[in-house]
Amino acid sequence: MKKNFKVRILCAILFLGISGIVMYTIYSLSAENGYESNMRSEIVTEKIKEEVSSKLENSEKGMLLSEKIKYFVIMHSPYGSDWNANIRKLAHFSIYFALACMVYITLAILGVNKTMRFILTVGICFCFAFGDEYHQSFTGRTSSMSDVFLDTFGSLCATTGLTIISLFFSGIHSLVNLAYKED
10 MKKNFKVRIL CAILFLGISG IVMYTIYSLS AENGYESNMR SEIVTEKIKE EVSSKLENSE
70 KGMLLSEKIK YFVIMHSPYG SDWNANIRKL AHFSIYFALA CMVYITLAIL GVNKTMRFIL
130 TVGICFCFAF GDEYHQSFTG RTSSMSDVFL DTFGSLCATT GLTIISLFFS GIHSLVNLAY
190 KED
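Counting from 10, one number per residue, gives the positions in the sequence shown under this note's numbering.
Put into structure tokens, the structure is as follows:
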């Protein structure tokens with residue numbers, strides 16, 4: 010039992026550390042001024058466009074898929090064909106998705122029940138997103154509640170997915186235990 014406890018603590022520290030790295034990354038990116046941030050986004054956007062172009066547009070099938078993706082993004086994104094804005098918003102969603110995964114796993118390792126794990130994970134991510142947007146306003150960039158909502162949505166998606174997976178495995182574990190009790 011003691012050995013298991015030590016392993017759990019070490020794993021929790023590991024995932025807490027990864028959570029800290031993700032938070033530091035978010036904070037560092039928000040500390041950039043508007044020009045630096047936009048230039049970084051444009052570089053990433055151009056690299057993604059090049060990669061998509063080289064992978065998809067070498068075949069007829071790839072060209073069709075590429076056009077479908079472009080059409081879908083333009084029709085459903087509030088930013089239309091502004092690929093840089095789309096990539097920036099995808100980055101917001103993705104990094105908070107990753108943060109939520111690390112926080113959720115840390116809480117799971119520590120034995121926090123599923124309901125509290127869900128609430129704490131989304132709450133921590135929301136508070137960090139809110140604080141980060143506030144911090145961003147001091148760097149000469151605008152802060153926006155829509156980014157906080159997008160960040161929180163990313164964390165909510167991750168937390169919901171991990172909770173569903175956790176419930177699924179808990180159900181399997183319960184069925185296995187029930188089968189052993191019947192024997």
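Ideal Cβ placement from N, Cα and C applies to all residues, glycine included.
Note that the coordinates shown come from a computational prediction; the quantities given were computed from them, not determined experimentally.
Task: Inter-stretch contact at 8 Å, needing at least 3 Cβ pairs: the segment 111-120 / the segment 19-28 - done: yes
Task: Alpha-carbon to alpha-carbon, GLU69 and PHE24 - done: Taking the first residue of the sequence shown as 1, we reach residue 24 at position 15. Taking the first residue of the sequence shown as 1, we reach residue 69 at position 60. Cα to Cα, the separation comes out at about 44 Å.
- [ ] Starting from the C-beta of SER202, find all residues in its chain whose C-beta is less than 8 Å away, skip the five residues before and the five after it, and write them out in chain order.
- [x] Look at the range of the chain in this structure, 10 to 192, and you will see that residue 202 is not part of it.
- [ ] Determine the DSSP secondary structure at LEU119, reduced to helix, strand or coil.
- [x] Locating residue 119 in the sequence shown gives position 110, counting from the first residue. DSSP places LEU119 in coil when its eight states are reduced to three.
Open item on the list: Please report the distance separating the alpha-carbon of LYS98 from that of ILE128.
Closed with: Stepping through the sequence shown from its first residue, residue 98 is reached at position 89. Stepping through the sequence shown from its first residue, residue 128 is reached at position 119. Going from the Cα of LYS98 to the Cα of ILE128 covers about 24 Å.
TODO: With a cut-off of 8 Å on the beta carbons, I'd call ASN95 and VAL82 a contact; round off their distance for me.
DONE: Along the sequence shown, read from residue 1 onward, the residue named residue 95 stands at position 86. Along the sequence shown, read from residue 1 onward, the residue named residue 82 stands at position 73. The pair is a contact, with the Cβ atoms about 6 Å apart (cut-off 8 Å).
TODO: Report the option in GLU76, LEU171 and PHE158 whose CA atom is closest to the CA atom of PHE139.
DONE: As a position in the sequence shown, residue 139 is number 130, starting the count at 1. Checked all of GLU76, LEU171 and PHE158; the closest Cα to PHE139 is PHE158.
Task: Status (buried if at least 16 other CB within 10 Å, exposed otherwise) for SER39 - done: Mapped onto the sequence shown, residue 39 falls at position 30. With 16 or more Cβ atoms within 10 Å of its Cβ, SER39 is classed as buried.
- [ ] Going by CA-CA distance only, name the one from PHE178, GLU142, SER153 and ARG126 that's closest to LEU165.
- [x] Within the sequence shown, numbered from 1, the residue matching residue 165 stands at position 156. Comparing Cα-Cα distances from LEU165 to each of PHE178, GLU142, SER153 and ARG126, the minimum goes to ARG126.
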